[in-house]
Amino acid sequence: MINLFSYNSTNKHKDTIKKINKIYENIKDYPDSLLAEQTKKLEDLAKSPKITNTALLIEAFATLKEAIFRATNLELFDVQILGGITLNNGNIAEMKTGEGKTLVALLPAYFNSLLKKKVHIITVNDYLAERDATLAKKIFSYLNIEIGLITQTTTSQERKKEYRCNITYITNSELGFDYLKDNMSIHQDDIIQQGFHYAIIDEVDSILIDEARTPLIISGATKVKKEFYKSSEKVSKVLQKNTDYNVDEKSKSIILTSKGIYKCEKILNIDNLYDIQNPWIKYIINSLKAKELFLKNRDYIIKDSQITIVDEFTGRVMTGRRWSDGLHQAIEAKENIKIEAENKTLASITYQNLFLLYEKLSGMTGTAKTEEEEFNNIYKMNVVSIPTNKKCLRKDMPDLVYKNEYIKWEAIAQECLDMYKIGRPTLIGTTSISKSELLSKMLQELEVPHNLLNAKPENIAQESKIILEAGRKNTITIATNMAGRGTDIILGGNTEKIIEQKIKKYIREIFDKENENTKKSLSNIQIESIIKKIKFQLKDENNGQIIDLREIYKKLKEKYTKSCEIEKNYVLNLGGLYVIGTERHESRRIDNQLRGRSGRQGDKGTSRFFLSLQDNLFRIFGGNKIENIINNLNIDSNTPIESILLTKSLDSAQKKVEAYFYDIRKQLFEYDEVIHNQRKAIYKERKKILTYTFTRDCIIEYGEQTIKEMLNIYFKNKRKEEILKEIIKLLNIKTNTNKLLKMNSSELKSYFNEQLRISYDLKEVYLEQLRPGLIRQLEKYYLLQQIDQAWQEHIDKMSLLKEYIGWRSYGQQDPLIEYKNEAFNLFINMITYIRQTVIYLIMRSRLIIDI
Numbered sequence: 001m002i003n004l005f006s007y008n009s010t011n012k013h014k015d016t017i018k019k020i021n022k023i024y025e026n027i028k029d030y031p032d033s034l035l036a037e038q039t040k041k042l043e044d045l046a047k048s049p050k051i052t053n054t055a056l057l058i059e060a061f062a063t064l065k066e067a068i069f070r071a072t073n074l075e076l077f078d079v080q081i082l083g084g085i086t087l088n089n090g091n092i093a094e095m096k097t098g099e100g101k102t103l104v105a106l107l108p109a110y111f112n113s114l115l116k117k118k119v120h121i122i123t124v125n126d127y128l129a130e131r132d133a134t135l136a137k138k139i140f141s142y143l144n145i146e147i148g149l150i151t152q153t154t155t156s157q158e159r160k161k162e163y164r165c166n167i168t169y170i171t172n173s174e175l176g177f178d179y180l181k182d183n184m185s186i187h188q189d190d191i192i193q194q195g196f197h198y199a200i201i202d203e204v205d206s207i208l209i210d211e212a213r214t215p216l217i218i219s220g221a222t223k224v225k226k227e228f229y230k231s232s233e234k235v236s237k238v239l240q241k242n243t244d245y246n247v248d249e250k251s252k253s254i255i256l257t258s259k260g261i262y263k264c265e266k267i268l269n270i271d272n273l274y275d276i277q278n279p280w281i282k283y284i285i286n287s288l289k290a291k292e293l294f295l296k297n298r299d300y301i302i303k304d305s306q307i308t309i310v311d312e313f314t315g316r317v318m319t320g321r322r323w324s325d326g327l328h329q330a331i332e333a334k335e336n337i338k339i340e341a342e343n344k345t346l347a348s349i350t351y352q353n354l355f356l357l358y359e360k361l362s363g364m365t366g367t368a369k370t371e372e373e374e375f376n377n378i379y380k381m382n383v384v385s386i387p388t389n390k391k392c393l394r395k396d397m398p399d400l401v402y403k404n405e406y407i408k409w410e411a412i413a414q415e416c417l418d419m420y421k422i423g424r425p426t427l428i429g430t431t432s433i434s435k436s437e438l439l440s441k442m443l444q445e446l447e448v449p450h451n452l453l454n455a456k457p458e459n460i461a462q463e464s465k466i467i468l469e470a471g472r473k474n475t476i477t478i479a480t481n482m483a484g485r486g487t488d489i490i491l492g493g494n495t496e497k498i499i500e501q502k503i504k505k506y507i508r509e510i511f512d513k514e515n516e517n518t519k520k521s522l523s524n525i526q527i528e529s530i531i532k533k534i535k536f537q538l539k540d541e542n543n544g545q546i547i548d549l550r551e552i553y554k555k556l557k558e559k560y561t562k563s564c565e566i567e568k569n570y571v572l573n574l575g576g577l578y579v580i581g582t583e584r585h586e587s588r589r590i591d592n593q594l595r596g597r598s599g600r601q602g603d604k605g606t607s608r609f610f611l612s613l614q615d616n617l618f619r620i621f622g623g624n625k626i627e628n629i630i631n632n633l634n635i636d637s638n639t640p641i642e643s644i645l646l647t648k649s650l651d652s653a654q655k656k657v658e659a660y661f662y663d664i665r666k667q668l669f670e671y672d673e674v675i676h677n678q679r680k681a682i683y684k685e686r687k688k689i690l691t692y693t694f695t696r697d698c699i700i701e702y703g704e705q706t707i708k709e710m711l712n713i714y715f716k717n718k719r720k721e722e723i724l725k726e727i728i729k730l731l732n733i734k735t736n737t738n739k740l741l742k743m744n745s746s747e748l749k750s751y752f753n754e755q756l757r758i759s760y761d762l763k764e765v766y767l768e769q770l771r772p773g774l775i776r777q778l779e780k781y782y783l784l785q786q787i788d789q790a791w792q793e794h795i796d797k798m799s800l801l802k803e804y805i806g807w808r809s810y811g812q813q814d815p816l817i818e819y820k821n822e823a824f825n826l827f828i829n830m831i832t833y834i835r836q837t838v839i840y841l842i843m844r845s846r847l848i849i850d851i
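At position 793 of the sequence shown the residue is numbered 793 (UniProt numbering), and the sequence of numbers has no breaks.
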């Protein structure tokens, strides 16, 4: 056991943890009824000015520690309490795999809910959200705290209810889309979110770093431009790499050469490919990107005759997600699949700016220290490494580097054969579906049984079963991008999961037997529900069989706990789980995630990377330096090189890549911050209109502001009569312009403001006669309609501005400063346009209502 207090980073929390444990010892004797009263007692204490936050936290953490013990029979370690304190302080807790992060998140969640703050616990997928929420419901049932859960299948009405719970589990994408939808609502009752108080992000590096460059977009379809995509696809096939265009794999961009430009113009029969009136360049570049940079079975798969994106970090398919700016359509054209309509952006936000909306933000992950600078600079969060409860015994072996890629794969296959023969469980992490299938074929030839886990639908269905087996003896598992799967591989097998599988099979068999004649069947959802009732001791008055199944569950637990323990010891004697990396990732953090699958909770384990000079990292970022080192050693192709100098060169290459992508994310953040501030201003105005009873005041304010702006133009243009006529037309009034030409600034302003109010009063009387309350509905309709329409057009303009602003650097101008200035002007123009259009529409509306 590690002495927690020997770590300097924990010394300042030593006394707090001791006090929590002392109160916990007292609470242990409470009956369930008294424990349940703790929440009310602590909520009342929180209102008292006499109690400090630290004192309340100590009471809350001790209370929850006991609730966790009663619900799960697990007693929190001191390092887990330290993790909870770290999260509560708005930091990132770096906790290794298997250290119980799921339970750690509950500590600050409970404490902040006592302060009447809505808490969101954010996970990377629906499975984890549901799994963690189920466990939390069981624990918090002892403390009268409501747990909410939002997944893709949750309806709007249900979402409203779930957001009102003390603590809500939700995925990052559902949270973002709900935020955008709320800010597109046309009625106050349609708003479902309750504000952004405190968020705890699980796998925080995956969400805030890996997904930082991907905006969440709500879009509407536009017209399909098939001919452009198909013609561009044909052109891309004619163009030659390194002659007509160059590929920059580092920045994932394509640059046409002068020869390529001439060839395109000749094929398309146009004068200037880069003419602003000419649409072709965007389509050509996208077709070349589809050809060179986006590969089938790596970046996407074809599922149900559709291009389905594969997440490069988790290896999961992203159903329903599409690449933007015409790239998805270019890939559809490449694969000769039906080209869907391009989308027009109606609303968007990046995760960077979404999570900065929270008053307090924290996160947890197994790997964050390498990105500490970014977390600190952008999110103002420190990374705190939490010591493991037991010392990590995993051995990270030096990399083996081969000259030739195929020889590398042969060496990996041979290593798998050796491990299979001795019975040691081995996990091989691959970077693409095609690579995982290559290794799978090699293992088939060597007659090595193995499990294959990648983004292909037939393999995804087996995911839980494959992970369940991954820590058992004689098991070889190939997984694409295993790192981000949020799973815990248990040596000897996961007792709980094995029992669940057996119970599921038993339930299905019993049900099928009883319903032999009716041919009824149980769905997976119904079976999962029964399992939860058995496992978590949930009440079910309608089903007497649940009690019987609980007895079977208990007996199975005794049996498999024993057999799994025997198998675990067998595997430990072989050295524990062996993790093989087949390629170094662009980020050291992803490599560390893969390594971290081995050596959980003090288990033995080993990790090793098998590499070749043809791997992407060497090829794109390593330069000639590493190749020269190997060539100087004069070793034959079949012999791997194991060298400290080589490892240092690789680490250096990875650091360069990390710095490169950090700069891209930082730049994206700086640019996106501009539109984010505009978004906040627009959404604030929108919310004010939605919740405002006196929208008349808003219309009058818009009118007076418009009059002021137009009069400023009038006096700047030396009293140009046309501008006065525009104001008269806008306000829908009749007056003599000769009289107005003689007035000064303040007289004109007073006159027009008075005419605006008189004219509006008459309009109100007219509409109220048609239908009482109609004017208020009309005001709200025009205000929201014009704001939404103008904002959508503004998003398009900002996107174009961002695309061409980079060229300003060639004129010795700072593109970011230029972008900010032009974005400000665009925003002011949009606001002016909204005001003028709303006034024009409402002052000139003529409605006839059929009675």
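Just so it is clear, CB atoms sit at the ideal spot from N, CA and C, and this is done for glycine as well.
What are the start and end residues of the alpha helix (DSSP H) that includes residue i?
i, result
"H676", "644-691"
"T764", "Looking at the sequence shown, residue 764 is not Thr but Glu. Where E764 is concerned, the enclosing alpha helix (DSSP H) stretches over 745-770."
"D248", "No alpha helix (DSSP H) contains D248, which is instead part of the beta strand (DSSP E) from 245-248."
"residue 867", "Limits of the chain in this structure are 1 at one end and 851 at the other, which puts residue 867 out of reach."
"S258", "258-268"
"K338", "Unbroken run through K338: none, as it is neither H nor E."
Go to residue i, then tell me how far its beta strand (DSSP E) extends in each direction, as first and last residue.
i, result
"K303", "300-303"
"I167", "167-171"
"A93", "92-94"
"residue 935", "As shown, the chain starts at 1 and ends at 851. That puts residue 935 outside it, with no answer to give."
"H450", "Where H450 is concerned, there is no enclosing beta strand (DSSP E), given that its DSSP letter is neither H nor E."
"D396", "393-396"
"N377", "It is not in any beta strand (DSSP E) - N377 instead sits in the alpha helix (DSSP H) that spans 372-379."
"I191", "Per DSSP, I191 belongs to no beta strand (DSSP E) and is neither H nor E."
Which of helix, strand or coil does DSSP assign to residue i?
i, result
"L613", "coil"
"R131", "helix"
"Y198", "strand"
"S587", "coil"
"S9", "Low per-residue confidence applies at S9: pLDDT is 48, beneath 50, and the placement is therefore not dependable, though the value from the model is reported in the following sentence. Residue state, collapsed to three classes: helix."
"M364", "strand"
"L76", "coil"
"E619", "For clarity, residue 619 is Arg in the given sequence; the question names Glu instead. If DSSP states are grouped into helix, strand and coil, R619 belongs with the helices."
"G429", "strand"
"V838", "helix"
If we define contact as Cβ-Cβ less than 8 Å, is residue i a contact residue for chain B?
i, result
"Q501", "Here there is only one protein chain, and chain B is not present."
Residues in its own chain within less than 8 Å of residue i by CB, not counting five upstream and five downstream?
i, result
"I302", "K296, T308, E335, I337"
"T735", "I728, Q755"
"S305", "I337, K338"
"I254", "Y245, N246, V247, D248, I285, L288, K289, E292, L293"
Take residue i and list the residues in its own chain whose beta-carbon comes closer than 7 Å to its own, dropping the five residues that flank it on each side.
i, result
"E509", "none"
"A470", "P425, L427, T477, I489"
"I635", "I641"
If I'm right that residue i touches residue j with Cβ under 8 Å, what's the distance once you round it to whole angstroms?
i, j, result
"I139", "I68", "6 Å"
"L293", "K252", "5 Å"
"A129", "Y169", "5 Å"
"K497", "L556", "Going by Cβ atoms, the distance from K497 to L556 rounds to 12 Å, so no, they are not a contact pair."
"I27", "E66", "5 Å"
Enumerate in chain order the residues of its own chain whose CB-to-CB distance from residue i is below 6 Å, with the five nearest sequence positions on each side excluded.
i, result
"K160", "I192"
Cβ of residue i within 7 Å of any heavy atom in the ligand COA?
i, result
"K241", "With respect to the ligand COA, the structure shown offers nothing to examine, as it has no ligands at all."
So, do the region 278-295 and the region 228-242 have three or more beta carbon pairs nearer to each other than 8 Å?
yes
Looking at C-beta atoms only, is the number of pairs between the region 407-417 and the region 652-662 that lie closer than 8 Å three or more?
no
Mind the definition here: the region 192-211 touches the region 358-376 only if three or more C-beta pairs lie below 8 Å; say whether that holds.
yes
Within 8 Å, do at least three Cβ pairs link the region 596-608 to the region 565-583?
yes
Please determine if the region 107-124 and the region 369-376 are in contact, where contact requires at least 3 C-beta pairs separated by less than 8 Å.
no
Sufficient close CB pairs (3 or more, under 8 Å) joining the region 671-690 to the region 779-786
yes
Is it true that the region 212-220 meets the region 343-357, where meeting means three or more beta-carbon pairs spaced less than 8 Å apart?
yes
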